[in-house]
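Scroll down for the structure; my scribbles are underneath it.
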Amino acid sequence: MINAEKLDKYFHLTERGTNVRTETVAGFTTFITMAYILAVNPAILSACGMDPQAVLMATALSAFIGTLCMALLANYPFALAPGLGLNAFFAFTICGQMGHSWQFALLAVLVEGLIFIVLSLTRVREAIFNAFPAPLRKGITVGIGLFVAFIGLQGSHLVVDSSSTLVQLIDFNDNFGDQHLASILALIGLLIIAVLYIKGWKGSILIGTFVTWLLGVLCQLGGLYEIDPAKGFYSLLPVWSDFSLTSISKTFGQCFNIAAIGPFNWLNFGVIMFSFLMVDMFDTIGTLVGVAGRANMLDSEGKLPRVNQALLADAVATTTGAVLGTSTVSTFVESSAGVLEGGRTGLASIVTALLFLLSLFLAPIFTVIPSFATAPALVFVGFMMMSAIVEIDFKEMTSAIPAYLCLLCMPLMYSISEGICIGTISYVAIGVCCGKHKEISKILYLLAVLFVLKYAFL
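To convert, note that position 380 of the sequence shown is 582 in my numbering; the numbers rise steadily by one, no gaps.
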């Protein structure tokens, strides 16, 4: 049996100012804030004909393998799972609008993952990661905070769609319903997290999440919360149903099924694979920069030690996920919730990974935790990540403006990678026009050109 002393020695707990209890709470917190992917990913990928049970298994297993690799290879408290946005691109664009089979899309993800492995082993991805200047890195951190907070506000139903202004505050004067109840419960959860965190309680985010969920359960039992699947309000009580572990056979290895892939167009395949590659690479880099910056893991030069191992874990997870039968696996920004709870080592990731493995057998419990219960955690994490904005020198406008555009575009364009693209292009363009071209790395020039070509042709 592994004791605390061995864990301390292997994960360098004391060296990083943490302990087994803190890492365990952090790992559990990260899992709870991202467990929604177990329900959302099968729902999205089933739209293109994939078996929901098989996708759920592929989701849990790829998250387990990827997060475990992150823990053992890089010793960081970052968790991985099939990424939102990329799964929608997989299902609705590649298989929907373009008419390709889901086996074709899985093959594109597989090739992308293999290319990522090569780039990681040759340290190309590490060079790209380190090419970003400090102001852009701070902008990325703040942008991710705003992005996460915006996701939380949507999940809480406080921010809703609007035909005139795109988004707006929910109308509390309208007929009271589940949306209003969810918003109120989310606000209560946010208050609980804020007060407990200020008072120094360990596990404040986890406690706030569970209390919000339990309040929702009480409302359901009392008749205040009504189940309405058409509007996205499902039962908050676990329901055990038949679940076969053999269902994974319906997606496992289908990326190699040449007969099912159908007519093969090399040009279309290349464009699709490159799109996956670009979004995955810069979503991952952005998340690593943002979360590591919040945890003070960056060195004196603003670089992340062992970043190559972290990127390799991401690449292995994507490749494994394609074989299992799911869309691109990437590092989850919700890892910041665990970091906020004090997670600083791979031990937190071990806990998260094991919970994903356990979710194969307890999926009904984890998939009923509603978005309004996890939303307060995301909003609070966004607040904590905003602190990096004071480290941006706004008097040095040639770098401050690109950092501002980067942090602005992430939430408004609903994409970490788009924020990085806009920030990079503006950083190079402003730098060149202001006579600071010699201070810009060659890699950043190359990335700026690639991003411009991306917008021009993809």
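Beta carbons: idealized from backbone N, C-alpha and C, even for Gly.
Is the Cβ-Cβ distance between serine 358 and alanine 388 less than 7 Å?
Start at 1 with the first residue of the sequence shown, and residue 358 comes out as number 156. Start at 1 with the first residue of the sequence shown, and residue 388 comes out as number 186. By the CB criterion at 7 Å, serine 358 and alanine 388 fall inside the cutoff.
Whole angstroms are fine: how far does the CA of leucine 513 sit from the CA of isoleucine 429?
Taking the first residue of the sequence shown as 1, we reach residue 429 at position 227. Taking the first residue of the sequence shown as 1, we reach residue 513 at position 311. Cα to Cα, the separation comes out at about 41 Å.
I'd like the span of the beta strand (DSSP E) that includes aspartate 376, first residue to last.
What you label residue 376 is simply residue 174 of the sequence shown in a count that begins at 1. Aspartate 376 -> no beta strand (DSSP E), and no H or E assigned at all.
Chain-order list of residues whose beta-carbon lies under 7 Å from that of leucine 360 (same chain, five-residue window excluded):
Taking the first residue of the sequence shown as 1, we reach residue 360 at position 158. Within the same chain, leucine 360 has close Cβ partners Leu371, Ile372, Ser385 and Ala388.
Report yes or no: do the stretch 218 to 238 and the stretch 523 to 543 share at least 3 C-beta pairs separated by less than 8 Å?
Counting Cβ pairs under 8 Å, three or more are found: they touch.
Does DSSP classify aspartate 253 as helix, strand or coil?
As a position in the sequence shown, residue 253 is number 51, starting the count at 1. Coil at aspartate 253, not helix or strand.
Name the one or two DSSP bridge partners that valine 369 has.
Position 167 of the sequence shown holds residue 369. Valine 369 is bridged to Asp363.
Phenylalanine 454 - DSSP class collapsed to helix/strand/coil:
Mapped onto the sequence shown, residue 454 falls at position 252. Three-state result, phenylalanine 454: coil.
Taking a contact to mean a Cβ-Cβ separation below 7 Å, would you say valine 235 touches threonine 576 in this structure?
The sequence position of residue 235 within the sequence shown is 33, counting from 1. The sequence position of residue 576 within the sequence shown is 374, counting from 1. Note that residue 235 corresponds to threonine in the displayed sequence, not to valine. A contact, by the Cβ cut-off of 7 Å.
Measure the C-alpha to C-alpha separation of isoleucine 463 and aspartate 210 and round it to an integer number of angstroms.
Taking the sequence shown and counting its residues from 1, the one referred to as residue 463 is at position 261. Taking the sequence shown and counting its residues from 1, the one referred to as residue 210 is at position 8. If you take the alpha carbons of isoleucine 463 and aspartate 210, they lie about 48 Å apart.
Tell me, to the nearest whole angstrom, how far the beta carbon of proline 431 is from that of isoleucine 567; I am working on the premise that it is less than 8 Å.
Within the sequence shown, numbered from 1, the residue matching residue 431 stands at position 229. Within the sequence shown, numbered from 1, the residue matching residue 567 stands at position 365. The Cβ separation is near 19 Å, so there is no contact.
Quick check on this structure: which residue in Val242, Val222, Val493 and Thr216 has the alpha carbon closest to the alpha carbon of isoleucine 571?
The count along the sequence shown starts at 1 and reaches residue 571 at position 369. When only C-alpha atoms are compared, the closest one is Val242.
Using a Cβ-Cβ cutoff of less than 7 Å, which residues in the same chain neighbour phenylalanine 374 once the five nearest sequence positions on both sides are dropped?
Position 172 of the sequence shown, counted from the first residue, corresponds to residue 374. Residues His382 of the same chain have their beta carbon placed closer than 7 Å to that of phenylalanine 374, with the five preceding and five following residues left out of the count.
Own chain partners of alanine 329 with C-beta closer than 8 Å, once the 5 adjacent residues on each side are dropped:
Locating residue 329 in the sequence shown gives position 127, counting from the first residue. Only Ile645 meet the Cβ criterion.
With DSSP run on the structure shown, which of helix, strand or coil describes phenylalanine 574?
As a first step, residue 574 is located in the sequence shown; it is residue number 372 there, counting from the start. Shown here, phenylalanine 574 sits in a helix according to DSSP, grouped into three states.
Excluding five sequence neighbours on each side, which residues of the same chain lie with their C-beta closer than 7 Å to the C-beta of glutamine 511?
Taking the first residue of the sequence shown as 1, we reach residue 511 at position 309. Cβ within range, chain order: Leu275 and Ala276.
Would glycine 341 count as contacting chain C if we go by Cβ distances under 7 Å?
Going by chain labels, chain C is absent from the structure shown, which holds only one protein chain.
Check alanine 283 in the structure and name its three-state DSSP category.
Here residue 283 refers to the residue found at position 81 when the sequence shown is read from its first residue. Reduced to three states, the DSSP call for alanine 283 is strand.
Put valine 481 into one of helix, strand or coil per three-state DSSP.
Taking the first residue of the sequence shown as position 1, residue 481 is located at position 279. Reduced to three states, the DSSP call for valine 481 is helix.
Beta strand (DSSP E) runs wholly inside the stretch 280 to 360, at least 3 long, in chain order
282 to 284
What does DSSP give as the partner residues of serine 532 in its beta bridges?
For the purposes of this step, residue 532 is identified with residue 330 of the sequence shown, where counting begins at 1. Note: serine 532 sits in a beta bridge opposite Ala283.
Considering just the uninterrupted stretch of the alpha helix (DSSP H) at isoleucine 246, what are its terminal residues?
For the purposes of this step, residue 246 is taken as residue 44 along the sequence shown, with counting starting at 1. For isoleucine 246, the enclosing alpha helix (DSSP H) begins and ends at 239 to 247.
Spatial neighbours of valine 419 within its chain, please: C-beta separation below 7 Å, excluding the five flanking residues on both sides.
Sequence index remark: in the sequence shown, residue 419 carries index 217 (1-based). Only Leu438 and Leu439 meet the Cβ criterion.
What would DSSP say about aspartate 501, mapped onto helix, strand or coil?
For the purposes of this step, residue 501 is taken as residue 299 along the sequence shown, with counting starting at 1. Aspartate 501: coil per DSSP, three-state reduction.
Which value, in whole angstroms, describes the spacing of the CA atoms of threonine 520 and arginine 325?
Your numbering for residue 520 matches position 318 in the sequence shown. Your numbering for residue 325 matches position 123 in the sequence shown. About 18 Å.
Buried versus exposed, by CB contacts within 10 Å (16 or more), valine 350
Here residue 350 refers to the residue found at position 148 when the sequence shown is read from its first residue. Under this definition valine 350 is a buried residue.
Would you kindly check if the distance between the Cβ of leucine 408 and the Cβ of threonine 231 is under 7 Å?
Start at 1 with the first residue of the sequence shown, and residue 231 comes out as number 29. Start at 1 with the first residue of the sequence shown, and residue 408 comes out as number 206. Yes, these two residues count as a Cβ contact at 7 Å.
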